[in-house]
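Take any residue in the sequence shown, note its place counting from 1, add 1038, and you have its number in the working numbering. In this text, a Cβ means the ideal position worked out from N, Cα and C, and glycines have one as well. These numbers were taken from a predicted model, which means no experiment stands behind them.
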Amino acid sequence: MAYQTFDLSVKDHIAHLQLKRPAELNTMTPAFWSEIKAIFETLEQDPEVRVAVLSSTGKHFTAGMDLSVFASLAPTIADEARKREELRRKILKLQDCFSIIERMRFPVLVAIQGGCIGGGVDLVTACDARYMTRDGFIQIAEINIGMTADVGTLQRLPRLIPEGVVRELAYTGRRLGAERALALGLVNEVFEDHAALLAGVFKVAAEIAGHSPLAVAGTKEMLNFTRDHSVADGLNYIATWNAGMLMGNDMPEALAARMQKRAPDYEALPPATKSLL
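Written as structure tokens, this is what we have:
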């Protein structure tokens, strides 16, 4: 299927989503929002996918929300209370376009070149790991246009870097450059240029894709759960998870592959259930 804002490919268990509007700085148009959710819903049904890489094209990763989206958010209902309720639901739908990334059973790695601005920060903070070019930066730019960021940055970024740094960035609209982002732990690695960035991220993705997809899915589930719960709750959940998942075929296959000095051959996960029937 052809998309307006993305190129999509799947090879060697790695899905590659690439923003493809460099001349427009990869702004997030209305099509972007519908397409990113549809793409992840499609990938969730593909048993071949074990990891995804999200990248972009051109000078900047993304300049953030396209102005046309703000126009489309304008409520059309006359009653003031119902107008506000409609707008709230629209914002929640935008949030879910990025929250779906967290719900994927596979990790999503993001390669950031140049600027990652506004809604781009909402997007990359929902991913499992971030990588950046040396000229890269993030910017919580919403404050510069008189609004509060509302699609995930203010909820996720304080769990990734110190809260005081987040507050400074959010209150001032300043840029956070690649080297400081690396020092703070926001990005895993900084690369000299875009080509090196993609090569490095795909190397990580290939390593992940070589592991048991069930074990990777369980690891992501546990990390997300533990982030939002107590240590005791997390320990209880992993005990229950492994009581159900540990006795499958993957651990014997991993041990056999190691003894036989070959790559393990893991069974794909079944497609995610879309309906009760």
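Which of helix, strand or coil does DSSP assign to K1049? In the three-state scheme derived from DSSP, where H, G and I count as helix and E and B as strand, K1049 is classed as strand.
Separation of V1228 from D1173, as counted between CA atoms: When rounded, the distance between both Cα atoms is 9 Å.
Those residues which DSSP pairs with R1213 across a bridge: Looking at the DSSP output, R1213 sits in a beta bridge with Q1177.
Looking at the structure shown, is I1199 part of a helix, part of a strand, or coil, going by DSSP? Coil.
Give me the Cβ distance between A1179 and G1156, rounded to the nearest whole Å; I'm assuming they're in contact under 8 Å. Yes, they are in contact, since the Cβ atoms of A1179 and G1156 sit about 4 Å apart, within 8 Å.
Which class does I1115 belong to by DSSP, given the choice of helix, strand or coil? I1115: coil per DSSP, three-state reduction.
Assign G1190 to buried or exposed, taking buried as 16 or more other Cβ atoms, counted over all protein chains shown, within 10 Å of its Cβ. Counting other Cβ atoms within 10 Å of its Cβ, G1190 reaches 16 or more and is therefore classed as buried.
In the DSSP assignment, the alpha helix (DSSP H) including E1291 goes from what residue to what residue? Counted as a single uninterrupted DSSP element, the alpha helix (DSSP H) harbouring E1291 occupies residues D1288 to Q1298.
In angstroms, rounded to a whole number, what distance separates the CA positions of S1137 and E1079? Distance between the alpha carbons of S1137 and E1079: 12 Å.
Between which two residues does the alpha helix (DSSP H) holding F1229 run? Counting along the chain, F1229 sits inside no alpha helix (DSSP H); it lies in the beta strand (DSSP E) bounded by residues E1227 to F1229.
T1171, DSSP secondary structure in three states: DSSP places T1171 in strand when its eight states are reduced to three.
Quick one: is the Cβ of T1278 within less than 7 Å of any heavy atom of the ligand PLP? Only the bare structure without any ligand can be found here, which leaves the ligand PLP out of the picture.
Does S1093 pass the burial test, meaning 16 or more other C-beta atoms within 10 Å, or should it be called exposed? By the neighbour-count rule (16 or more Cβ atoms within 10 Å), S1093 is buried.
Is it true that the CB of H1051 sits closer than 8 Å to the CB of R1088? Taking a C-beta distance under 8 Å as the contact criterion, R1088 and H1051 qualify as a contact pair.
On the criterion of 16 or more Cβ atoms from any shown chain inside 10 Å, does T1065 qualify as buried, or is it exposed? When all chains shown are included, T1065 counts as buried.
Short check: CB of A1255 to CB of L1307, under 8 Å? Between A1255 and L1307, the CB-CB gap stays under 8 Å.
Buried or exposed: S1110, going by 16 or more other Cβ atoms within 10 Å of its Cβ? Under this definition S1110 is an exposed residue.
Tell me which same chain residues have a C-beta within less than 6 Å of the C-beta of D1160, skipping the five on either side of it? If we look at D1160 and ignore the five residues flanking it on each side, its Cβ neighbours are F1136, V1189, G1190 and T1191.
Residues bridged to I1074 [DSSP beta-bridge criterion]: Partner(s): none; I1074 has no beta bridge.
Express the C-alpha separation of G1096 and L1057 in angstroms, rounding to a whole number. L1057 and G1096 have their C-alpha atoms some 9 Å from each other.
On the premise that H1232 lies in contact with T1171, defined as a C-beta separation below 8 Å, what is that separation, rounded to the nearest angstrom? Contact flag correct, Cβ pair sits at about 6 Å.
Any chance you could list the alpha helix (DSSP H) runs of at least 4 consecutive residues sitting entirely within the stretch 1133-1168, in chain order? Along the stretch 1133-1168, the alpha helix (DSSP H) occurs as fully enclosed runs of 4 or more residues at 1157-1163, listed in sequence order.
Which residue marks the beginning of the beta strand (DSSP E) containing A1243, and which one marks its end? Here A1243 belongs to no beta strand (DSSP E); instead the alpha helix (DSSP H) covers H1232 to A1247.
What's the call for I1074, buried or exposed, on a 16-neighbour Cβ count within 10 Å? Per the 10 Å Cβ criterion, buried.
Could you say if the stretch 1146-1155 and the stretch 1191-1204 meet the contact criterion of at least three C-beta pairs nearer than 8 Å? Not touching, per the Cβ criterion.
Neighbourhood of Q1133 by C-beta, 7 Å cutoff - its chain only, sequence neighbours within 5 removed: If we look at Q1133 and ignore the five residues flanking it on each side, its Cβ neighbours are V1189 and G1190.
Can you look up L1224 in the DSSP assignment and give me helix, strand or coil? In this structure, L1224 counts as coil in the three-state DSSP scheme.
Alpha helix (DSSP H) segment containing V1269, residue limits: Judged by DSSP secondary structure, V1269 falls within the alpha helix (DSSP H) whose first and last residues are V1269 to M1283.
Please state if the CB of L1252 and the CB of D1288 are separated by a distance shorter than 8 Å. In this structure, D1288 lies near L1252, with their beta-carbon atoms less than 8 Å apart.
Return the first residue and the last residue of the beta strand (DSSP E) that S1093 is part of. Per DSSP, S1093 belongs to the beta strand (DSSP E) from V1089 to S1093.
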